[in-house]
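Worksheet: one structure, shown below.
Numbering (this note's numbering), first residue to last: 344 to 485.
Here it is, written out as structure tokens:
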């Protein structure tokens, strides 16, 4: 066995063989570190790609949800607008039938009218017909 080793290393001294082994071991450790760094980098890149894919999926879901919320807000706004118009119209018709307006009806009419104007800008019929006639009506206590 010793002759085989001497055959492989030839005229190298034991110190030179040990030095060569140490050099190879050092090279092995450097290659091992480089390999670990490359595989760690690859794993991190893969994790990033997976996260980006998840974010993309979640963004699509968020966009759909935002559309649904916007649609709900639009429908809610339309419902409130219709409800306010109806309240103003009902108050106007009640005053026309009664021939007078109670203080509570007047307060409710103006509260609804303020919201109607602030949030929806009002409209000509309310401003030109309902409000002037309501304001001209005789006010009675409840």
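Beta carbons are placed, not taken as given, at the ideal position from N, Cα and C, and that holds for glycine.
Local Cβ density within 10 Å of residue i, reported as buried at 16 or more and exposed below that
i           : result
residue 367 : exposed
residue 351 : exposed
residue 401 : exposed
residue 434 : buried
residue 394 : exposed
Span of the alpha helix (DSSP H), counted from its first residue to its last, around residue i
i           : result
residue 484 : Premise fails: residue 484 is in no alpha helix (DSSP H) and is neither H nor E.
residue 443 : From DSSP, residue 443 is part of no alpha helix (DSSP H) but of the beta strand (DSSP E) over 443 to 445.
residue 466 : No alpha helix (DSSP H) holds residue 466; DSSP gives it neither H nor E.
Between the CA atoms of residue j and residue i - distance to the nearest angstrom
i           : j           : result
residue 486 : residue 407 : What the structure shows of the chain is the stretch from 344 to 485, and residue 486 is not part of that stretch, so it cannot be assessed.
residue 411 : residue 448 : 37 Å
Cutoff 6 Å; reference residue i; Cβ partners in own chain excluding five residues on either side
i           : result
residue 463 : 424
Spatial neighbours of residue i in its chain, beta-carbon cut-off 7 Å, leaving aside the 5 residues before and after
i           : result
residue 450 : none
Original post:
Looking at C-beta atoms only, is the number of pairs between the stretch 457 to 471 and the stretch 425 to 438 that lie closer than 8 Å three or more?
Top reply: yes
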